[in-house]
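Chemist: What follows is a structure written as structure tokens; I'll ask about it next.
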Amino acid sequence: MSDACATCSGECCYDVIVRVTGYDAWRIKRAQALDFGQFLTIGPDTPAGPGAFTLDGERRALYLGKNAANQRACAFLMHVPDGIRRCGIYAERPRVCAVYPMTFTNGSVALRSDVRCEASNWNMATITYPYWRRNLLEHMFESHLYGLVAEHWNRRSANGGTLPQYYAFVERCFDTIDARRSEIGEEAFDDLMLHWQQAIDEDATARVETFLADVDRLCAAQTSTTAPAATTAGPA
Amino acid sequence: MIAPGESRVERWLRCPEKTCCSYYTVFVTGDDLTRIARTLAVAPWTFTAALPCRPEEFGAFALDKSEKRFRAALVRLRFEEHEKPICTFLVRAPDGAARCGLGEGRPATCRSFPAQLVDNRIQFETSGCTCDWSQVPPSAADAELLRAEERTRGSYTSVVATWNEYVASVAAAAEFTYQDFCRYLLDAYSP
């Protein structure tokens, strides 16, 4: 946790709609033993982003649910005494939260222009650039992977099927994608993230293409799998 | 509802009630206290408190030269007037399902709940729990976890004994605060 976040009261966890990827949701589901429907909400794909999926002819996106007692706050915001707030799913928090409040500007790590915390809390001369760069690359790469998953879903059916079917499809896809990621190992996956969109090394570019082709094949295999609609519906 | 073949950890994790997080006072070791403080970047005295106890109890520490002793426990908060005080680290999914906000970083005694070692045999102590544990068998992993917990408790006993000796050795009128004890633990458990 950065020094700036250590002194923060969690402003970024209030009044913000957190759009998540299927990979984020898959990680939270596994770690917290929750069903997707227990912590996700479905909303319009506005503004349009990667991972939009079709349901009932509409383009939709996944969002993190809100606290039942306080619709301003993230459901997973944890209240520690003395007004301190911390993320209650820190290890598996959505990548978009892990990269906050940084972004890439012209290829460099930079503070977002719409940062909700005190910008002066962030000393850009002393932040750990490799840490933020890796988080940003991981966020972008995983968003791309989720985009591939959603594309397969959208191609499968003009209307996209039902929400429980979509959840089941996302779960099966990321079961296989994450297993493939584990097979190649963390170092090789970091190498893919680094060279994705940066064609500076032919061998690395070929490795990225091979991995993405694997993902495409794995997702295609899931589209042909018939899953019962009730697989992930409702709490256990 | 019990899923076939469910392990103790899976059973606990999936429980939507988590009455154990309000029923029990969670006493922590120095290892728990400093790990949570460092993970969350929060001073330990904000989420723990010193509760009076008997001198012979595990982890009993002194704050002066008297016979008074205390144990460190997680703070519990009452979020609603009608609710029981509940662990400060409990979070609820939008549908109300309770989950531990510390995840894998939760105290050792919570990680092993409801398993306990009694005469080197595992027993489930479930008096504060609404779950049905009758179909969940203790596993070898549970036994290993409990033995590791015992080793951690042994280390904490030594760390607390050193503190208590120090408190006993200082000038008669000296008094220490709970924050002093926490700072000592942060130092003793430095990475």
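Residue numbers (the working numbering), protein chains in the order written: chain Y, -19 to 216; chain L, 4 to 194. Positions of the beta carbon are idealized from the N, C-alpha and C atoms, including for glycine. Every value quoted in this text rests on a predicted model; they were computed, and no experiment measured them.
#1: Which residues in chain Y sit within 8 Å of residue 92 of chain L, going by Cβ to Cβ distance?
#2: Who does residue 89 of chain L pair with in a DSSP beta bridge?
#3: Taking residue 125 of chain L as the reference, which of L:105, L:149, L:185 has the closest Cα?
#4: Give the C-beta separation of residue 191 of chain Y and residue 174 of chain Y to the nearest angstrom, bearing in mind that I take them to be a contact with Cβ-Cβ under 8 Å.
#5: Please return the same chain residues whose Cβ sits closer than 6 Å to the Cβ of residue 14 of chain L, not counting the five positions on each side in sequence.
#6: DSSP puts residue 58 of chain Y in a beta bridge; with which residues?
#7: Check residue 125 of chain L in the structure and name its three-state DSSP category.
#8: Give me the chain L residues within the contact set of residue 64 of chain Y, using Cβ-Cβ distance strictly less than 7 Å, ordered along the chain.
#9: Does the separation of the CB atoms of residue 54 of chain Y and residue 128 of chain Y fall below 8 Å?
#10: Going along chain L in order, which residues have a C-beta closer than 9 Å to the C-beta of residue 45 of chain Y?
#11: Given a cut-off of 8 Å, decide if residue 49 of chain L and residue 31 of chain L are closer than it, judged by their beta-carbon atoms.
#12: Along the alpha helix (DSSP H) that carries residue 16 of chain L, what are the first and last residues, could you check?
#13: With DSSP run on the structure shown, which of helix, strand or coil describes residue 217 of chain Y?
#14: For my contact list, residue 116 of chain L and residue 185 of chain L are in at a C-beta cut-off of 8 Å; report their separation, rounded to the angstrom.
#15: Excluding the five sequence neighbours on either side, which residues of its own chain have a C-beta within less than 6 Å of the C-beta of residue 89 of chain Y, listed in chain order?
#16: Hey, how far is the Cα of residue 131 of chain L from the Cα of residue 28 of chain Y?
#17: Give the straight-line distance between the Cα atoms of residue 42 of chain L and residue 90 of chain L, rounded to the nearest whole angstrom.
#18: Under a three-way DSSP split, which group does residue 214 of chain Y fall into?
#19: The stretch 2 to 35 of chain Y: which residues have C-beta closer than 7 Å to a C-beta of chain L, in chain order?
#20: Give the residues of chain L in contact with residue -19 of chain Y, contact being defined as C-beta atoms less than 7 Å apart.
#21: Is it buried or exposed for residue 46 of chain Y, if we count other Cβ within 10 angstroms and need 16 for buried?
#22: So what does residue 24 of chain Y bridge to, in DSSP terms?
#23: Just to make sure I have the definition right: I need the residues of chain L whose C-beta is within less than 8 Å of the C-beta of residue 55 of chain Y. Which are they?
#24: Using a Cβ cut-off of 8 Å (strictly closer), state whether residue 48 of chain Y contacts chain L.
#25: Kindly say whether residue 84 of chain L, judged by its beta-carbon, lies nearer than 8 Å to any beta-carbon of chain Y.
#26: Are residue 126 of chain Y and residue 1 of chain Y close, meaning C-beta to C-beta below 8 Å?
#27: With a threshold of 8 Å on Cβ separation, who are the neighbours of residue 123 of chain L within its own chain once the five nearest residues in sequence on each side are excluded?
#28: Go through its chain and collect everything with a Cβ distance to residue 40 of chain Y's Cβ below 8 Å, but skip five positions before and after it.
Modeler: According to the structure data:
#1: 58, 60, 68
#2: L:80
#3: L:149
#4: Rounded, the Cβ-Cβ distance is 13 Å, inconsistent with contact.
#5: In its chain, beyond the 5 residues on either side, 139 have a beta carbon closer than 6 Å to the beta carbon of residue 14 of chain L.
#6: Residue 58 of chain Y is bridged to Y:66.
#7: strand
#8: 45, 49
#9: no
#10: 96, 97, 98
#11: no
#12: 11 to 17
#13: For chain Y, the structure presents residues -19 to 216; residue 217 of chain Y sits outside this window and is missing.
#14: With 8 Å as the limit, residue 116 of chain L and residue 185 of chain L do not qualify as a contact, their Cβ atoms being about 24 Å apart.
#15: Sequence-distant Cβ neighbours of residue 89 of chain Y in its own chain, meaning closer than 6 Å and more than five residues away, are 82, 109, 112, 113.
#16: 48 Å
#17: 17 Å
#18: Unreliable positioning characterises residue 214 of chain Y in this predicted model, as indicated by a pLDDT of 39, which lies under 50. The coordinate reading is nonetheless provided below. Three-state DSSP puts residue 214 of chain Y in coil, outside helix and strand.
#19: 11, 12, 13, 14, 18, 19
#20: 44
#21: Buried, since its Cβ has 16 or more Cβ neighbours within 10 Å.
#22: In the DSSP output, where bridge partners are listed per residue, residue 24 of chain Y has Y:40.
#23: Those are 94, 95, 96, 97, listed as they occur along chain L.
#24: yes
#25: no
#26: It is a contact, given that the beta carbons lie within the stated cut-off.
#27: none
#28: Answer for residue 40 of chain Y: 22, 23, 24, 25, 32, 33, 34, listed in chain order.
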